[in-house]
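Q: If you read the sequences in order, they're chains A and B.
By my numbering, the letter at position 75 of the first sequence is numbered 75, and the numbering carries on one by one without gaps.
In my numbering, each residue's number is its place in the second sequence (first place is 1) plus 193.
Would you mind keeping the following structure in view while I ask a few things?
Number of protein chains: 2
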Amino acid sequence: MNSDATSAPASREERRDALVLAAYNQIAERGFEGLRTREVAAEAGVNIATLHYYFPTKEALIRGVVEHAMRRFRSTLAPHGTPEAQLRNHLRAVRRLLQDEPQLGAVMGELSLRSARDPAIAHIMQDTNEAWHRTLRGLLRRAAAGGHLKPELDSDAVAALVVAALTSMTLPTVSASPRTDQALRQLERWLGI
Amino acid sequence: MNSDATSAPASREERRDALVLAAYNQIAERGFEGLRTREVAAEAGVNIATLHYYFPTKEALIRGVVEHAMRRFRSTLAPHGTPEAQLRNHLRAVRRLLQDEPQLGAVMGELSLRSARDPAIAHIMQDTNEAWHRTLRGLLRRAAAGGHLKPELDSDAVAALVVAALTSMTLPTVSASPRTDQALRQLERWLGI
DNA sequence: GGTACTCAATCAAGTGATTGATTAACAGGA
DNA sequence: TCCTGTTAATCAATCACTTGATTGAGTACC
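Shown next as structure tokens:
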């Protein structure tokens, strides 16, 4: 049934991804409140019944969006640059990601709120936040070991504050404010990076 | 038409407040996605048509919730205690408010996300955040003037970071984490309060 | 008589999900 | 090579229900 990549129909995975991306964009723009399976299907260029062929329920589609968003976000957490620059690069990378891809911030925000009433989402997001926290602790410890940060720094608490500050940038009231970059610079100043 | 407070029907204001509170609770529990005018009316103990007598549209009801939430939140921003303790009291007060009234955090979070697509909400929340920022700058300056903080402190940037960190606590993924208090303590540590 | 408030019944539109029919591709046997 | 059966994917039509909003009638109070 699967033809080569140059002709319709697209592969199963491509079709699923198109539907997930359409739902992702709709959630970013109108929240879960405005998520409509008919419109998701239309944006992906298929019939509503086709959407249900790939995702039996609307909730199943939402789970696809959760995976997509977490994968996109976690891909940013990978450290890059010299060890002393990694911490600052991290802060800048997350900030830049949320600036360049405001949809990701919007979807992450929507998912965070929904996690209060959806244990599956809560679990995935908690895992992602744990991984993020670990990544940050590692960066902080390495920076302290290299003499770039005070050795008595409480990396656990600092990581928690960094996660909180960056997470707030998924909220439009924070990300839209020019003060957000001031907040980030203050964080860097206090870190001495 | 208005009878005394001991008998039905309640006054016009009481009835409106009951509807707003019912909607507020529903938004806190299920987000805008799960907000149903029929259920709001039922929780307030009136007919759907009565809800529409007081609020012509669902959007009008939502605006009532916005006002209620902003009023509740801003009432916490008022400084209390001695000048040197006011800053720490402020941080603790907001944290405690979001702990004691998680619905407020949930609704504030929902409203923040909705503000991206509702200019009226965006305006009100921006005003509230401006007021909050001013309050914090004032507390920071007074603390610095009293010798409790470093005089070279950038009160603008610190206030921005404080707003961001506290705002993140409206998100369940942050507020549900035991690390949130660590983040707050780290902030206090860096402030020296 | 006028006003404010109430509600049962209804409307019109929307929504997630299902069904049965159709089409295309593939594999295997003659 | 052709034919047949199977499988995967597609969609128009439909279902059953939900939802925001409206209407007309009734009641109480001034």
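Built from N, CA and C at the ideal position, the CB exists for glycine as well.
Since the model is a prediction, treat every value here as computed from it, not as a measurement.
1. Looking only at its own chain, which residues have a Cβ that is under 7 angstroms from the Cβ of MET263/B, when we skip the five neighbours before and after it?
2. Between the region 320-332 of chain B and chain A, which residues of the former have CB atoms less than 8 angstroms from a CB of the latter, in chain order?
3. How many angstroms separate the CA atom of ALA357/B from the CA atom of ALA159/A?
4. Could you give the residue range of the alpha helix (DSSP H) that holds ARG166/B?
5. Would the region 139-153 of chain A count as touching the region 358-366 of chain B if we require 3 or more Cβ pairs under 8 angstroms?
6. Can you have a look at ARG372/B and say buried or exposed, based on whether 16 or more other CB atoms are within 10 angstroms of its CB?
7. On the CB-based measure, 16 or more other CB atoms within 10 Å of its CB, does GLN86/A come out buried or exposed?
8. Verify the CB distance criterion: does MET125/A have a CB-CB separation below 7 angstroms to chain B?
9. Would you kindly work out how many angstroms separate the C-alpha atoms of PRO151/A and ARG382/B, rounded to a whole number?
10. Measuring straight from C-alpha to C-alpha, what distance separates ALA271/B and ALA49/A?
11. Quick one: Cα of VAL213/B to Cα of GLY227/B, how far?
12. Can you pull out the residues from the region 334-361 of chain B whose beta carbon lies closer than 9 angstroms to at least one beta carbon of chain A?
13. When the Cα atoms are used, what is the spatial distance from ILE193/A to ALA369/B?
14. Less than 7 angstroms separating the beta-carbons of VAL239/B and ALA215/B?
15. Buried or exposed: TYR217/B, going by 16 or more other Cβ atoms within 10 Å of its Cβ?
16. Answer with buried or exposed for LEU380/B, where buried requires no fewer than 16 other C-beta atoms within 10 angstroms of its C-beta.
17. How long is the line joining the alpha carbons of ASP154/A and ALA299/B, rounded to whole angstroms?
18. Leaving out five residues on either side along the sequence, give the residues of the same chain with a beta carbon under 8 angstroms from the beta carbon of GLY64/A.
19. Note the first and the last residue of the continuous alpha helix (DSSP H) segment covering ASP374/B.
20. Closer than 6 angstroms by C-beta to GLY31/A: which residues in its own chain qualify, once you throw out the five before and the five after it? Chain order, please.
21. List the residues of chain B that THR180/A touches, going by C-beta distances under 8 angstroms, in chain order.
22. For GLU67/A, decide whether its Cβ has a neighbour in chain B, counting only Cβ atoms nearer than 7 angstroms.
23. Nearest to THR135/A by alpha carbon, out of VAL162/A, GLN99/A and ALA122/A?
24. Beta carbons nearer than 7 angstroms to chain A: which residues of the region 282-311 of chain B have them?
25. Determine the direct distance from the alpha carbon of LEU51/A to that of ARG12/A, and round the result to whole angstroms.
26. Can you give me the Cβ contacts of GLU84/A inside the same chain, cut-off strictly under 7 angstroms, excluding the 5 residues immediately before and after it?
27. Starting from the beta carbon of THR366/B, find every residue of chain A whose beta carbon is closer than 8 angstroms, and list them in chain order.
A: In this structure, then:
1. Answer for MET263/B: ILE317 and THR321, listed in chain order.
2. Of all residues in the region 320-332 of chain B, only ASN322 and HIS326 place a beta-carbon less than 8 angstroms from a beta-carbon of chain A.
3. Going by C-alpha positions, ALA357/B is about 15 angstroms away from ALA159/A.
4. Past the boundaries of the shown model lies residue 166/B; chain B is included only from 194 to 386, so the question cannot be answered.
5. The region 139-153 of chain A makes no contact with the region 358-366 of chain B; the number of CB pairs closer than 8 angstroms stays below 3.
6. With at least 16 other beta carbons inside 10 angstroms of its own, ARG372/B counts as buried.
7. Buried: at least 16 other Cβ atoms inside 10 Å.
8. At least one chain B Cβ lies under 7 angstroms of MET125/A.
9. Each residue's Cα considered, the two are about 15 angstroms apart.
10. Straight-line Cα distance between these residues: approximately 55 angstroms.
11. C-alpha separation (whole angstroms): 15 angstroms.
12. Correct list: ASP347, ASP349, ALA350, VAL351, ALA352, ALA353, LEU354, VAL355, VAL356, ALA357, ALA358, LEU359, THR360 and SER361.
13. One alpha carbon belongs to ILE193/A, the other to ALA369/B, and they sit about 29 angstroms apart.
14. Going by C-beta atoms, VAL239/B is not nearer than 7 angstroms to ALA215/B.
15. The residue in question, TYR217/B, is buried, as its Cβ has 16 or more Cβ neighbours within 10 Å.
16. Classification of LEU380/B: buried, given that the 10 Å Cβ count is 16 or more.
17. C-alpha separation (whole angstroms): 30 angstroms.
18. Answer for GLY64/A: ARG16, LEU19, VAL20, ALA23 and PHE55, listed in chain order.
19. Its alpha helix (DSSP H) spans residues 372-384.
20. These residues qualify, in order along the chain: GLU110.
21. In chain order: ALA353 and ALA357.
22. For GLU67/A, the answer is no, since every Cβ of chain B falls outside 7 angstroms of its Cβ.
23. It is VAL162/A whose Cα lies nearest to the Cα of THR135/A.
24. Cβ contacts with chain A: ALA299, GLY302, GLU303, SER305, LEU306, ARG307, SER308, ALA309 and ARG310.
25. Taking the straight line from one Cα to the other gives about 12 angstroms.
26. Cβ within range, chain order: ALA143, GLY146 and HIS148.
27. Scanning chain A for C-beta atoms nearer than 8 angstroms to the C-beta of THR366/B yields SER112, SER115, ALA122, MET125, GLN126, ASN129 and THR167, reported in chain order.
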